[in-house]
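With our numbering applied, the sequence shown corresponds to residues 1165 to 1279, in that order. Let me begin by presenting the structure, written as structure tokens, before commenting on it.
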Amino acid sequence: QVQLVESGGGLVQPGGSLRLSCTASINIFSINIMDWYRQAPGKERELVALITSTGSTNVADSVKGRFTISRDNAKNTMYLQMNSLKPEDTAVYYCHAFVGSSVYWGQGTQVTVSA
């Protein structure tokens, strides 16, 4: 069983920044794909950004140029740097990983962007 623990969420003003962290209970070196999803109230969960084991990344058009995904294999941690935050970025952000044929989710961390 793999555990994913997110941290770093909170309340921030529009234009502000936050960095989310997702720490895994296993060595993430061999995890092929790790990603961040988010779910706003009344909306479906959506993919925000992903990173592969080789370091390739992809981010959603809605956050391109503002969010950056990265991973530190030595710390078993994935990050989401969020800059120029907007009220529409308000959501619960979830860490997600494919490990072999299994899928794991973190418990989520709330991000609220409000003046």
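No residue lacks a Cβ here, since even glycine has one placed at the ideal position from N, Cα and C.
Inset, instruction - Can you tell me the Cβ-Cβ gap for Ser1181 and Asn1247, rounded? I've got them flagged as a contact below 8 Å. - result: Counting from 1 along the sequence shown, the entry for residue 1181 is found at position 17. Counting from 1 along the sequence shown, the entry for residue 1247 is found at position 83. Indeed they touch by this definition, with Cβ atoms about 5 Å apart.
Inset, instruction - Measure the alpha-carbon distance for Ser1185 versus Arg1202 and round it to whole angstroms. - result: Sequence index remark: in the sequence shown, residue 1185 carries index 21 (1-based). Sequence index remark: in the sequence shown, residue 1202 carries index 38 (1-based). For Ser1185 and Arg1202, the distance between alpha carbons rounds to 14 Å.
Legend entry - Cβ pair Ile1195, Ala1188 closer than 9 Å: As a position in the sequence shown, residue 1195 is number 31, starting the count at 1. As a position in the sequence shown, residue 1188 is number 24, starting the count at 1. The beta carbons of Ile1195 and Ala1188 sit closer together than 9 Å.
Legend entry - Which of helix, strand or coil DSSP assigns to Ala1238: In the sequence shown, residue 1238 corresponds to position 74, counting from 1. Helix, per DSSP.
Inset, instruction - Determine the direct distance from the alpha carbon of Gln1271 to that of Cys1259, and round the result to whole angstroms. - result: Taking the first residue of the sequence shown as 1, we reach residue 1259 at position 95. Taking the first residue of the sequence shown as 1, we reach residue 1271 at position 107. So the alpha carbons of these two residues sit roughly 8 Å apart.
Inset, instruction - Specify the secondary structure class of Glu1208 as computed by DSSP and reduced to three states. - result: Walking along the sequence shown from the start, residue 1208 turns up at place 44. Residue state, collapsed to three classes: coil.
Inset, instruction - Give the C-beta separation of Thr1254 and Gln1245 to the nearest angstrom, bearing in mind that I take them to be a contact with Cβ-Cβ under 8 Å. - result: Locating residue 1254 in the sequence shown gives position 90, counting from the first residue. Locating residue 1245 in the sequence shown gives position 81, counting from the first residue. With a Cβ gap of about 17 Å, Thr1254 and Gln1245 do not count as contacting.
Inset, instruction - Could you tell me if Gly1179 is buried or exposed, where buried requires 16 or more neighbouring beta carbons within 10 angstroms of its beta carbon? - result: Taking the sequence shown and counting its residues from 1, the one referred to as residue 1179 is at position 15. The residue is exposed, with fewer than 16 neighbouring Cβ atoms inside 10 Å.
Inset, instruction - Report the three-state DSSP secondary structure of Ile1195 (helix, strand or coil). - result: Looking up residue 1195 in the sequence shown gives position 31. In this structure, Ile1195 counts as coil in the three-state DSSP scheme.
Legend entry - The beta strand (DSSP E) enclosing Ser1171, as first and last residue numbers: Locating residue 1171 in the sequence shown gives position 7, counting from the first residue. Per DSSP, Ser1171 belongs to the beta strand (DSSP E) from Leu1168 to Ser1171.
Inset, instruction - Sort Asn1237, Gln1274 and Val1275 by Cα distance to Ile1190 and report the nearest one. - result: Counted from its first residue, the sequence shown places residue 1190 at position 26. For Ile1190, the closest C-alpha among the options Asn1237, Gln1274 and Val1275 is that of Asn1237.
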